[in-house]
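Under my numbering, read the sequence shown as residues -1 to 185, first letter to last.
Note that beta-carbon positions come from the ideal geometry of N, C-alpha and C, so glycine has one too.
All values reported here derive from a predicted model rather than from experimental measurement.
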Amino acid sequence: TVELITGFGIGAMAIQVDVGDDESFEGLRDEVLAAWEGVDLVINNAGVSAGGSVLNASMEDWHWMLNINLLGVVRGCRLFGPVLIEQGAGHIVNIASFAALAGGPGMATYATAKAGVVTVSEGLRADLEGSGVRVSVVCPSFFQTNLLEGFRAPDTASLKMATALMRDARESAADIAEAIYRAVGRG
-1 TVELITGFGI GAMAIQVDVG DDESFEGLRD EVLAAWEGVD LVINNAGVSA GGSVLNASME
59 DWHWMLNINL LGVVRGCRLF GPVLIEQGAG HIVNIASFAA LAGGPGMATY ATAKAGVVTV
119 SEGLRADLEG SGVRVSVVCP SFFQTNLLEG FRAPDTASLK MATALMRDAR ESAADIAEAI
179 YRAVGRG
């Protein structure tokens, strides 16, 4: 992603963070503010994947999914939102999924977390009205990514379905990133 962004002549940096850990995220904010004079764009784009239904996904998987895919976004918004408000400008882009709008069978934990991202984004957008800070939520369908590397599921059917959908996807992560870049540029 950094390579794609810098290819447009814009400065960027990548820092690995455990989005499920509050202190790790606070360190990210501090490191970014030490390196840059301000923040123009925050993209909350960490995610994990899991399969299973409401009834057969383990509570451990529910907690794991919600902590990373939903609360990771909340952490990013809470830590960088005040920075952007103080600047009077900026943009927060939260990455959800088409599954948030139309979750399929065997995707309960993932779809629920991503639906939460949509709701958080809509609420944050209303909260920041008039602040100069914009909020967007992106809901891409399946695209080629490494999301399935840590896939968790109580059965193999969910993984087989997700693998087939990912394999047949025509768009890549770079395609999605470029579309986001263009959309943010348009305001």
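The way I'd put it, the region 31 to 45 does touch the region 65 to 76; three or more beta-carbon pairs between them come closer than 8 angstroms. Cβ-Cβ distances below 6 angstroms link Ala113 to Ala98 in the same chain, with the five nearest sequence neighbours on each side left out; the list follows chain order.
Leu2 is not a Cβ neighbour of Val37, given a cutoff of 8 angstroms. Shortest Cα-Cα distance from Val136 to any of Val0, Phe96, Arg165 and Ser129 involves Phe96. In the three-state DSSP reduction, Asn43 falls in the coil class, being neither helix nor strand. Residue burial is scored here from C-beta neighbours: Gly79 has at least 16 other C-beta atoms within 10 angstroms and is therefore classed as buried. Just measuring C-alpha positions, the residue of Leu68, Leu26 and Gly5 sitting nearest Ala111 is Leu68. Under the three-state reduction of DSSP, Met105 is assigned to strand. Between Glu35 and Tyr179, the alpha-carbon positions lie close to 21 angstroms from each other.
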